[in-house]
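In my numbering, the protein residues as written are -6 to 240.
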Amino acid sequence: MEWLAGLDAAQIAAAFAATIGASFVRGLAGFGMAILLVPVLALALTPVEAVMIANFLMLFIGLLEIRRLVLGAEKSAWMISGLVALTTAPGLLLLSVTPADLARLLIAMVALSAFALVLLPQRSASVPGSLQTGVTGLTSGILTGFAGMPGPPVVPYYVGRAIPRDTAKASMLLIFTIASIVAIISGSLTGVIDQRVVLLSAGLFPAVIFGNWLGGLAYGRISDTVWRSFVGLVLFAAAFAALTRLF
């Protein structure tokens, strides 16, 4: 098949396994797909191809769920999404002028801070003020461009509050779906998306559907406490991976 050109059997198997696993985490936690998928895809593809494929897959599955996400998300998700759209390009620019070692340090610090925030006692269910919401959106957009990681500012914003987990999950996934649209538009404008990226994304999408379905099944069978603990575990894994790359 043309879309598998250049990949051997082991790479194909690893790509499908990683896609199923990352999609399972998305279906269960509500985030983490790109964090887990991009490093594995980057072993066989260029980093840019890996990031763009992850964004296409997040967009595809997000569009399948868009009605549920729109109905279930908190209104704050729209404000945060708008700010993500505004600051993704500056994040890309910032990455282009930041030394690699410093960029790795900043990414690791952001991931660690998100993990620490989730461990704090839950705040009230009330929507934070415009300042906190604005900072969350701005930093999420910058991190989308800078590291392909819109999640670290967004996850504590929702998971750290005493709101229904369905609302938290729908809000996060809506923001990440919109972030993937922005990333794909940016990639198209800069010419980093080609036919190979689109074909690979389409070929891996069935694995996303399967993994996300499994994650959704697990999500419906665990308690709120277990879900929040799993969210913290995924953030810890992201922080650990960032630190590993740093050292």
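For each residue, glycine too, the CB sits at the ideal point set by N, CA and C.
Quick check: valine 152 and arginine 221, are their CB atoms within less than 8 Å of each other? As a first step, residue 152 must be located in the sequence shown, where it is residue number 159. As a first step, residue 221 must be located in the sequence shown, where it is residue number 228. Their beta carbons are under 8 Å apart, which means valine 152 touches arginine 221 by this criterion.
Return the chain-ordered list of same chain residues with a C-beta closer than 7 Å to the C-beta of leucine 306, the five sequence neighbours on each side being excluded. The first residue shown for the chain is -6 and the last is 240, placing residue 306 beyond what the model contains.
Pairs of beta-carbons, one from the segment 201 to 218 and one from the segment 79 to 99, closer than 8 Å: are there three or more? no
Leaving out five residues on either side along the sequence, give the residues of the same chain with a beta carbon under 7 Å from the beta carbon of valine 244. There is simply no residue 244 to check, as the chain begins at -6 and stops at 240 in what is shown.
Go through its chain and collect everything with a Cβ distance to glutamate 67's Cβ below 6 Å, but skip five positions before and after it. Locating residue 67 in the sequence shown gives position 74, where the first residue counts as 1. These residues qualify, in order along the chain: Thr160, Ser164.
Pairing CB atoms from the segment 32 to 47 with CB atoms from the segment 214 to 229, are three or more of them under 8 Å? no
According to DSSP, is arginine 189 part of a helix, a strand, or is it coil? Taking the sequence shown and counting its residues from 1, the one referred to as residue 189 is at position 196. DSSP places arginine 189 in helix when its eight states are reduced to three.
Complete runs of the alpha helix (DSSP H) confined to the segment 107 to 149 [at least 4 residues]: 123 to 140
Hey, is the segment 191 to 207 in contact with the segment 40 to 60, meaning 3+ C-beta pairs nearer than 8 Å? yes
DSSP state of arginine 61 mapped onto helix, strand, coil: Counting from 1 along the sequence shown, the entry for residue 61 is found at position 68. Helix at arginine 61.
Quick check: the Cα distance between arginine 189 and alanine 70, rounded to an integer number of angstroms? Start at 1 with the first residue of the sequence shown, and residue 189 comes out as number 196. Start at 1 with the first residue of the sequence shown, and residue 70 comes out as number 77. Straight-line Cα distance between these residues: approximately 32 Å.
Whole-angstrom distance between glycine 23 and glycine 321, CA atom to CA atom: An answer regarding residue 321 cannot be provided, because it is not within the stretch -6 to 240 covered by the chain.
From serine 89 to alanine 43, what distance separates their C-alpha atoms? Locating residue 89 in the sequence shown gives position 96, counting from the first residue. Locating residue 43 in the sequence shown gives position 50, counting from the first residue. Looking at the two C-alpha atoms, the distance is approximately 18 Å.
Just the C-alpha distance for threonine 183 and methionine 45, rounded to the nearest angstrom, thanks. The residue given as residue 183 occupies position 190 in the sequence shown. The residue given as residue 45 occupies position 52 in the sequence shown. So the two alpha carbons sit approximately 12 Å from each other.
Range covered by the alpha helix (DSSP H) that runs through alanine 7: The residue given as residue 7 occupies position 14 in the sequence shown. Alanine 7 -> alpha helix (DSSP H) spans 2 to 22.
Going by the beta-carbon positions, is the gap between alanine 155 and glutamine 115 smaller than 8 Å? Translated into positions along the sequence shown, residue 155 becomes position 162. Translated into positions along the sequence shown, residue 115 becomes position 122. Contact flag set, yes.
Could you check the C-alpha separation between valine 141 and valine 147 for me, to the nearest Å? Taking the first residue of the sequence shown as position 1, residue 141 is located at position 148. Taking the first residue of the sequence shown as position 1, residue 147 is located at position 154. It should be pointed out that residue 141 corresponds to glycine in this sequence rather than to valine. So the two alpha carbons sit approximately 13 Å from each other.
Taking proline 83 as part of the alpha helix (DSSP H), name the residues at either end of that continuous run. Along the sequence shown, read from residue 1 onward, the residue named residue 83 stands at position 90. Per DSSP, proline 83 belongs to the alpha helix (DSSP H) from 69 to 90.
Return the chain-ordered list of same chain residues with a C-beta closer than 8 Å to the C-beta of valine 128, the five sequence neighbours on each side being excluded. Position 135 of the sequence shown, counting from 1, holds the residue named residue 128. Contacts found: Pro146.
Which whole-angstrom value describes the C-beta separation of valine 185 and isoleucine 54, a residue pair presumed to lie in contact below a C-beta threshold of 8 Å? In the sequence shown, residue 185 corresponds to position 192, counting from 1. In the sequence shown, residue 54 corresponds to position 61, counting from 1. Actually they are not in contact, since the Cβ atoms of valine 185 and isoleucine 54 sit about 21 Å apart, beyond 8 Å.
Could you give the distance in angstroms between the alpha-carbon of valine 103 and the alpha-carbon of leucine 95? In the sequence shown, residue 103 corresponds to position 110, counting from 1. In the sequence shown, residue 95 corresponds to position 102, counting from 1. Going by the C-alpha atoms only, they are around 12 Å apart.
Three-state secondary structure (DSSP) of arginine 154: Here the question's residue 154 lines up with position 161 in the sequence shown. Reduced to three states, the DSSP call for arginine 154 is strand.
Does DSSP put alanine 35 in a helix, in a strand, or in coil? Here residue 35 is taken as the residue at index 42 of the sequence shown, counted from 1. Of the three classes helix, strand and coil, the one that applies to alanine 35 here is coil, per DSSP.
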